[in-house]
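Under our numbering, the first residue of the sequence shown carries the number 1, and numbering increases by one thereafter. Glycine is no exception: its CB is placed at the ideal position from the N, C-alpha and C atoms. These notes concern the structure reproduced below.
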Amino acid sequence: MDALRINGERLWAALMELAQIGATPKGGVKRLALTDLDKQGRDLVVGWGREAGMSITIDQIGNVFMRRDGTDNTLPPVMTGSHIDTQPTGGKFDGNYGVLAGLEVVRTLNDLHIKTRAPIEVAFWTNEEGSRFVPVMMGSGVFCGAFSLETAYAAKDTEGKTVGEELARIGYRGDQVPGDHPIGAYFETHIEQGPVLEDADKVIGVVPAVMGLSWYDCVVTGMEAHAGPTPMGLRKDALQVATTIMQEVVAIANRYPPYGRGTVGMVQVFPNSRNVIPGEVKFSIDLRNVNDELLNTMHGEITAFIDATRDRTGLGISLERVSYYPPCPFHPDCVGAVRNATEKLGYSVMDVVSGAGHDAIYAARLARPA
């Protein structure tokens, strides 16, 4: 069989139509999980799946599976997919591309009257972003047993609305038990969300693994005081101590190239007044690495640095690890299949370790993923 190519114009048109649901003035998309806009997006994609002759299954956490039968439906399906919920300031392609690319593959197979041996399924998972409900990757997490359906149902947004209530309200609280759905192999197409491919002038990145991560909440407690009357040597400035920890986060990441990552993305300063010495600083720490041993080393180094800083300054410093995901290597057969197909079609390609989390991390627990 010659190398198959999808209809790029049709895929682009689908992406642009879906992007109109929740479109923002700056060209992005705001379509938070389980809102009315999410329902509109789900309905649109499900409608496209039905038009392509696919059967639709929805599980109890709202994951949607669109199935094209094969010649041997006793085989577990080859699944592809991603998500269609977005961040509050999301883009047109994050997640959406992976879902609609899978749909376009099915449409192309239909156009060419090609039957696959195993069934093909296109999935879109509930609340991947975690921007309205915590945790992230909720649908795929429940599907693979990382946490319970009851825990997910009880999650609340800032208005006190629960996942269980909102799923029922928009009509996507299905009947199938999550995980009661075999997968033979799972592929997720995604935008890079980084600069590596562009910097290397490559078209496609083949992902052999996803980085592990450790998230922390850190609180530095000093004493607020007036900025004028208080001499420098008599201050208990929480912000100055916090900045030394923030700098160490970056230094730790730089000690473990090329896959060390260290970020402080959230900072709260109390009382946050122009002429008051800060008495308390709360901030987040995000450490990542594709090597779990090195990630644990990074954890040990930030912990030791904070212990030493506490002893040196006399200020109160607490560090709590709030999330940990180990690195996730993908199955070499699936990774090789992606690489071979890319080269066969003549695209420039390189391996790219993903620094962002994706539903494929959880799918990897139940299938051969890439």
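Extent of the continuous beta strand (DSSP E) run through residue i
i, result
"leucine 213", "212–221"
"threonine 80", "78–82"
"isoleucine 245", "Segment 238–254 is the alpha helix (DSSP H) holding isoleucine 245; no beta strand (DSSP E) there."
"valine 122", "120–124"
"aspartate 351", "349–351"
Inter-residue spacing [alpha-carbon to alpha-carbon] between residue i and residue j
i, j, result
"threonine 297", "glutamine 247", "17 Å"
"valine 220", "glutamate 51", "57 Å"
"lysine 39", "glutamate 166", "10 Å"
"glutamate 343", "arginine 261", "30 Å"
"threonine 309", "alanine 363", "41 Å"
"valine 196", "proline 208", "15 Å"
"threonine 230", "isoleucine 317", "22 Å"
"valine 349", "glycine 205", "6 Å"
"asparagine 73", "serine 55", "13 Å"
"valine 78", "alanine 238", "53 Å"
"histidine 358", "glutamate 128", "8 Å"
"glutamate 320", "aspartate 217", "5 Å"
"glutamate 9", "glutamate 17", "12 Å"
"alanine 225", "serine 273", "11 Å"
"arginine 288", "valine 203", "25 Å"
"serine 148", "lysine 30", "28 Å"
"lysine 156", "proline 135", "10 Å"
"aspartate 333", "arginine 365", "16 Å"
"glycine 70", "isoleucine 120", "7 Å"
"valine 335", "alanine 227", "58 Å"
"leucine 75", "valine 64", "19 Å"
"histidine 163", "leucine 15", "At residue 163 the sequence reads valine, which differs from the histidine that was named. Spanning the two alpha carbons is a distance of roughly 27 Å."
"glutamine 20", "glycine 102", "20 Å"
"serine 284", "valine 267", "7 Å"
"valine 106", "valine 45", "13 Å"
"serine 323", "aspartate 286", "10 Å"
"valine 269", "valine 281", "5 Å"
"threonine 116", "glutamate 104", "15 Å"
"isoleucine 84", "phenylalanine 124", "7 Å"
"isoleucine 252", "aspartate 311", "20 Å"
"alanine 154", "alanine 200", "44 Å"
Anticipated Cβ contact below 8 Å, residue i with residue j, distance rounded
i, j, result
"glycine 279", "methionine 223", "5 Å"
"glycine 81", "valine 122", "5 Å"
"leucine 315", "valine 264", "Contact doesn't hold; Cβ gap of about 18 Å is too wide."
"glycine 184", "alanine 118", "6 Å"
"glutamate 188", "glycine 98", "5 Å"
"tyrosine 172", "arginine 42", "6 Å"
"valine 249", "isoleucine 302", "7 Å"
"glycine 130", "glycine 91", "Contact flag wrong, Cβ pair sits at about 16 Å."
"tyrosine 259", "valine 338", "Not quite, the Cβ-Cβ distance comes to about 20 Å (not below 8 Å), so this is no contact."
Buried versus exposed call for residue i [16 or more other C-beta atoms within 10 Å across all chains shown]
i, result
"methionine 138", "buried"
"proline 88", "exposed"
"glycine 145", "exposed"
"valine 290", "buried"
"leucine 34", "buried"
"lysine 236", "buried"
"tryptophan 12", "exposed"
"tyrosine 347", "exposed"
"histidine 190", "buried"
"aspartate 94", "buried"
"isoleucine 114", "exposed"
"phenylalanine 133", "buried"
"histidine 376", "Because the chain in this structure spans residues 1 to 370, residue 376 falls outside the shown range and cannot be described."
"aspartate 351", "exposed"
"glycine 212", "buried"
"valine 142", "buried"
"proline 327", "buried"
"proline 257", "exposed"
"glutamine 60", "buried"
"alanine 360", "buried"
"proline 178", "buried"
"arginine 67", "buried"
"glutamate 159", "exposed"
"leucine 37", "buried"
"aspartate 111", "exposed"
"asparagine 96", "buried"
Below-8 Å beta-carbon distance, residue i vs any chain C residue
i, result
"threonine 116", "In the structure shown, chain C does not exist; there is a single protein chain."
Range of the contiguous alpha helix (DSSP H) that encloses residue i
i, result
"lysine 344", "332–344"
"alanine 363", "360–363"
Within the segment 14–69, note down every full alpha helix (DSSP H) run reaching 4 residues or more, in order along the chain.
36–51
Any chance you could list the alpha helix (DSSP H) runs of at least 4 consecutive residues sitting entirely within the segment 157–213, in chain order?
163–170, 196–200
Runs of beta strand (DSSP E) lying entirely within the segment 263–327, each at least 3 residues, in chain order:
267–270, 280–289, 316–325
Which runs of the alpha helix (DSSP H), 4 residues or longer, sit entirely within the segment 94–149?
96–111, 138–144
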